[in-house]
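Peer 1:
Number of protein chains: 2
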Amino acid sequence: MYDGPVQDLIDELGRLPGIGPKSAQRIAFWLLEQPQADVERLAQVLSTVKANTHLCSICYNVTDSETCRICRDPRRDQGSICVVEESKDVVAIERTREFRGLYHVLGGSISPIDGRGPGDLRIAELVRRLSDPQVSEVILATDPNLEGDATATYISRLLADTPGIRISRLASGLPVGGDLEYADEVTLGRAFSGRRYVDQGV
Amino acid sequence: MYDGPVQDLIDELGRLPGIGPKSAQRIAFWLLEQPQADVERLAQVLSTVKANTHLCSICYNVTDSETCRICRDPRRDQGSICVVEESKDVVAIERTREFRGLYHVLGGSISPIDGRGPGDLRIAELVRRLSDPQVSEVILATDPNLEGDATATYISRLLADTPGIRISRLASGLPVGGDLEYADEVTLGRAFSGRRYVDQGV
Chain X
1 MYDGPVQDLI
11 DELGRLPGIG
21 PKSAQRIAFW
31 LLEQPQADVE
41 RLAQVLSTVK
51 ANTHLCSICY
61 NVTDSETCRI
71 CRDPRRDQGS
81 ICVVEESKDV
91 VAIERTREFR
101 GLYHVLGGSI
111 SPIDGRGPGD
121 LRIAELVRRL
131 SDPQVSEVIL
141 ATDPNLEGDA
151 TATYISRLLA
161 DTPGIRISRL
171 ASGLPVGGDL
181 EYADEVTLGR
191 AFSGRRYVDQ
201 GV
Chain Y
1 MYDGPVQDLI
11 DELGRLPGIG
21 PKSAQRIAFW
31 LLEQPQADVE
41 RLAQVLSTVK
51 ANTHLCSICY
61 NVTDSETCRI
71 CRDPRRDQGS
81 ICVVEESKDV
91 VAIERTREFR
101 GLYHVLGGSI
111 SPIDGRGPGD
121 LRIAELVRRL
131 SDPQVSEVIL
141 ATDPNLEGDA
151 TATYISRLLA
161 DTPGIRISRL
171 ASGLPVGGDL
181 EYADEVTLGR
191 AFSGRRYVDQ
201 GV
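Same order as they appear, the protein sequences are chains X and Y. Note that full-length UniProt numbering gives residue 142 to position 142 of the first sequence, counting from 1, and the numbers run on in steps of one. Note that full-length UniProt numbering gives residue 95 to position 95 of the second sequence, counting from 1, and the numbers run on in steps of one.
Below you can see the structure in the form of structure tokens.
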């Protein structure tokens, strides 16, 4: 136990996810050695971040404005919507530079165990966006796990009859750079069932 | 890249020691989901901790007052001073409940590589404390590494001629609960040279 404020800081840091007591102590003493302006900047960002953060009124991505940077960008393909669980997934996909359309953040996945059904996700909001005749493609990019698969299956059935909309799901398969022998059997099975035939000429 | 304040928060968190970009992102989104009061409390502690933290005017441990809790406690043995490198070491030793005396925090160790000589540590301040006739024992509890050993050796030579003061160093040896075969050779060597003879009766 340290005296007063140092212990308070260690306690508060220790409540953060993934920060154990040892890390909390290390960070606290590191902070004590930093210039006051640097520590103050972190404090400032912390105390204002919630008030300054909203969900985009179109796609529900986190943003500091009424709509997010991606929805505001006229160069994005307005005809394609990629459906993800969380804002973090938007950033992960943006990093690939493979997709130039818009997003829709569901706010989670269907998980009966956690008591989350379709009604707890922003699926009605997605359906409403599809009434825009510009939209011609929905890419379901939920997590490749049980809940994510259930969510993608639910949405693809719901949208199956929507005219003029092509629906796709991200490919499952072997992670690039990995060893085939270390792949788990489900992933390897998906890689087999999703195999692509090679153009062999004649 | 996230919009505005969320990215600012991730950047600030990512500057903390031991927090990588993935952890910073996870903590940022976790914070966004917490009640504003909780986040505000962390911000508050951060912005006040430096101003409210001082070094004890006697032992140089971190404290929120003129002197630290240990130096203020009349039940502590005023005759024994345990010399450590950092405030963290005080807490580690307090946790053992083996020591009921006072501390002296040097503020580091002698490290020529990092350009820290004896003059950069609070050794003169330690010598001054020893002029109190109450003090009869100095325990050198610097880290069991090259720099800590050099520091302990320097201080023990400096104090060797001080009348009425017994000087000791913490024992080196096998960590309790470990496997002998996994001990490194230096530790095992210290365990041998520091072995204690067992009372065998007659």
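Even glycine gets a Cβ: it sits at the ideal position worked out from N, Cα and C.
For the alpha helix (DSSP H) containing residue 188(X), name the first residue and the last one.
Peer 2: Residue mapping note: residue 188(X) aligns to position 188 of the first sequence, counting from 1. Its alpha helix (DSSP H) spans residues 185-193.
Peer 1: Since residue 126(Y) and residue 108(Y) should fall inside the 8 Å C-beta cutoff, what is the C-beta to C-beta distance between them, to a whole number of angstroms?
Peer 2: Indexing the second sequence from 1 puts residue 126(Y) at position 126. Indexing the second sequence from 1 puts residue 108(Y) at position 108. Not a contact, Cβ separation roughly 13 Å.
Peer 1: Does the beta carbon of residue 196(X) fall short of 8 Å from some heavy atom of the ligand SAM?
Peer 2: By its list of ligands, the structure shown contains no ligand whatsoever, and the ligand SAM lies outside what it can speak to.
Peer 1: Is there a Cβ of chain Y sitting closer than 9 Å to that of residue 151(X), yes or no?
Peer 2: As a working note, residue 151(X) is residue 151 in the first sequence. Taking Cβ atoms only, chain Y never reaches closer than 9 Å to residue 151(X), which makes this a no.
Peer 1: Mind pulling the alpha helix (DSSP H) runs of 4 or more residues that sit fully within the segment 86-161 of chain X?
Peer 2: List check, alpha helix (DSSP H) in window: 87-96, 123-129, 146-159.
Peer 1: State the start and end residues of the unbroken alpha helix (DSSP H) segment that holds residue 10(X).
Peer 2: By 1-based counting over the first sequence, the position of residue 10(X) is 10. Residues 4-14.
Peer 1: Indicate the three-state DSSP secondary structure (helix, strand or coil) for residue 55(X) in the structure shown.
Peer 2: In the first sequence, the residue the question calls residue 55(X) occupies position 55. DSSP places residue 55(X) in strand when its eight states are reduced to three.
Peer 1: Any beta-carbon of chain X closer than 9 Å to the one on residue 99(Y)?
Peer 2: For the purposes of this step, residue 99(Y) is taken as the residue at position 99 of the second sequence. No, no contact with chain X.
Peer 1: By the criterion of Cβ-Cβ separation under 7 Å, what are the contact partners of residue 116(X) in chain Y?
Peer 2: Taking the first sequence and counting its residues from 1, one reaches residue 116(X) at position 116. Per Cβ cutoff of 7 Å: no residues; residue 116(X) is ~14 Å from chain Y at best.
Peer 1: Counting only runs that start and end within the segment 60-88 of chain Y, where is the beta strand (DSSP E) found for 3 or more residues in a row?
Peer 2: The qualifying runs are 80-84.
Peer 1: Looking at the unbroken beta strand (DSSP E) that takes in residue 169(Y), where does it start and where does it end?
Peer 2: Position 169 of the second sequence, counting from 1, holds the residue named residue 169(Y). Element bounds for residue 169(Y): 166-169.
Peer 1: Beta-carbon separation of residue 56(X) and residue 62(X) under 9 Å?
Peer 2: For this step, residue 56(X) is matched to residue 56 along the first sequence. For this step, residue 62(X) is matched to residue 62 along the first sequence. Going by C-beta atoms, residue 56(X) is nearer than 9 Å to residue 62(X).
Peer 1: Report the neighbours of residue 41(Y) on chain X: residues whose CB is nearer than 7 Å to its CB, in chain order.
Peer 2: In the second sequence, the residue the question calls residue 41(Y) occupies position 41. 12, listed in chain order.
Peer 1: Whole angstroms is fine: what's the gap from residue 53(X)'s alpha carbon to residue 28(Y)'s?
Peer 2: Your numbering for residue 53(X) matches position 53 in the first sequence. Your numbering for residue 28(Y) matches position 28 in the second sequence. C-alpha separation (whole angstroms): 12 Å.
Peer 1: Would you kindly report the start and end of the unbroken alpha helix (DSSP H) that includes residue 27(X)?
Peer 2: By one-based count along the first sequence, residue 27(X) stands at place 27. Per DSSP, residue 27(X) belongs to the alpha helix (DSSP H) from 21-33.
Peer 1: Please list, in chain order, the chain Y residues whose beta carbon lies closer than 9 Å to that of residue 103(X).
Peer 2: Residue numbering aside, residue 103(X) sits at position 103 when the first sequence is read from its first letter. The premise fails here: residue 103(X) is roughly 13 Å from chain Y at the closest Cβ pair, so nothing lies under 9 Å.
Peer 1: Answer with yes or no whether the minimum CB distance from residue 53(X) to chain Y is below 9 Å.
Peer 2: Translated into the one-based positions of the first sequence, residue 53(X) becomes position 53. It does: the Cβ of residue 53(X) has a partner Cβ on chain Y nearer than 9 Å.
Peer 1: Hey, could you find the ends of the alpha helix (DSSP H) residue 176(Y) is sitting in?
Peer 2: Mapped onto the second sequence, residue 176(Y) falls at position 176. Where residue 176(Y) is concerned, there is no enclosing alpha helix (DSSP H), given that its DSSP letter is neither H nor E.
Peer 1: From the DSSP output, in three-state form, read off residue 41(Y) for me.
Peer 2: As a working mapping, residue 41(Y) is identified with position 41 in the second sequence. Residue 41(Y) falls in the helix class under three-state DSSP.
Peer 1: Residue 59(X) to residue 68(X), Cα distance in whole Å?
Peer 2: Stepping through the first sequence from its first residue, residue 59(X) is reached at position 59. Stepping through the first sequence from its first residue, residue 68(X) is reached at position 68. Approximately 8 Å, taken between the alpha carbons.
Peer 1: For a test of the three-state rule: what should DSSP assign to residue 50(Y), helix, strand or coil?
Peer 2: Reading the second sequence from its first residue, position 50 is the one you call residue 50(Y). Three-state result, residue 50(Y): helix.
Peer 1: Quick one: does residue 134(Y) have its CB under 9 Å from some CB of chain X?
Peer 2: Locating residue 134(Y) in the second sequence gives position 134, counting from the first residue. By this cut-off, residue 134(Y) is not an interface position.
Peer 1: Kindly list the residues whose CB is nearer than 7 Å to the CB of residue 25(Y), restricted to its own chain and excluding five residues on each side of it in sequence; keep chain order.
Peer 2: Position 25 of the second sequence, counted from the start, is the residue given in the question as residue 25(Y). Hits under 7 Å: 10.
Peer 1: Any beta carbon of chain Y sitting closer than 9 Å to that of residue 179(X)?
Peer 2: For the purposes of this step, residue 179(X) is identified with residue 179 of the first sequence, where counting begins at 1. No, its Cβ sits nowhere closer than 9 Å to a Cβ of chain Y.
Peer 1: Can you list, in chain order, the residues of its chain with a C-beta nearer than 6 Å to that of residue 191(Y)? Leave out the 5 residues immediately preceding and following it.
Peer 2: Here the question's residue 191(Y) lines up with position 191 in the second sequence. Closer than 6 Å at the Cβ level, and outside the excluded window around residue 191(Y), lie 173, 174.
Peer 1: Is it buried or exposed for residue 73(X), if we count other Cβ within 10 angstroms and need 16 for buried?
Peer 2: Position 73 of the first sequence holds residue 73(X). Result: exposed.
Peer 1: I'd like the list of long-range same chain contacts for residue 129(X), defined as Cβ closer than 7 Å, with 5 residues on each side in sequence excluded.
Peer 2: Sequence index remark: in the first sequence, residue 129(X) carries index 129 (1-based). 81, 104, 135.
Peer 1: Which residues in chain X have a C-beta closer than 7 Å to the C-beta of residue 173(Y)? List them in chain order.
Peer 2: Counting from 1 along the second sequence, the entry for residue 173(Y) is found at position 173. Residues of chain X passing the Cβ test: none, with the nearest at roughly 23 Å.
Peer 1: Report back the beta-carbon spacing between residue 8(Y) and residue 45(X) to the nearest angstrom; my notes put them in contact at under 8 Å.
Peer 2: By 1-based counting over the second sequence, the position of residue 8(Y) is 8. By 1-based counting over the first sequence, the position of residue 45(X) is 45. About 5 Å; that satisfies the 8 Å criterion.
Peer 1: For residue 171(X), count neighbouring C-beta atoms within 10 Å of its own C-beta (all shown protein chains included) and say buried if the count is 16 or more, exposed if not.
Peer 2: Within the first sequence, residue 171(X) is the residue found at index 171, counting from 1. Exposed is the call here.
Peer 1: CA-CA distance, residue 182(Y) and residue 193(Y)?
Peer 2: The residue you call residue 182(Y) lines up with position 182 of the second sequence. The residue you call residue 193(Y) lines up with position 193 of the second sequence. Their Cα atoms are separated by approximately 18 Å.
Peer 1: Let me see if you follow: with CB-CB separation under 9 Å, is residue 63(Y) close to chain X or not?
Peer 2: For this step, residue 63(Y) is matched to residue 63 along the second sequence. Judged by the 9 Å Cβ criterion, residue 63(Y) is in contact with chain X.
Peer 1: Which residues in chain X sit within 9 Å of residue 27(Y), going by Cβ to Cβ distance?
Peer 2: Residue 27(Y) sits at position 27 when you count from the first residue of the second sequence. Under the 9 Å cutoff, chain X gives 16, 17, 18, 19.
Peer 1: Any beta carbon of chain X sitting closer than 9 Å to that of residue 86(Y)?
Peer 2: Counted from its first residue, the second sequence places residue 86(Y) at position 86. Answer yes: the Cβ-Cβ gap between residue 86(Y) and chain X drops below 9 Å somewhere.
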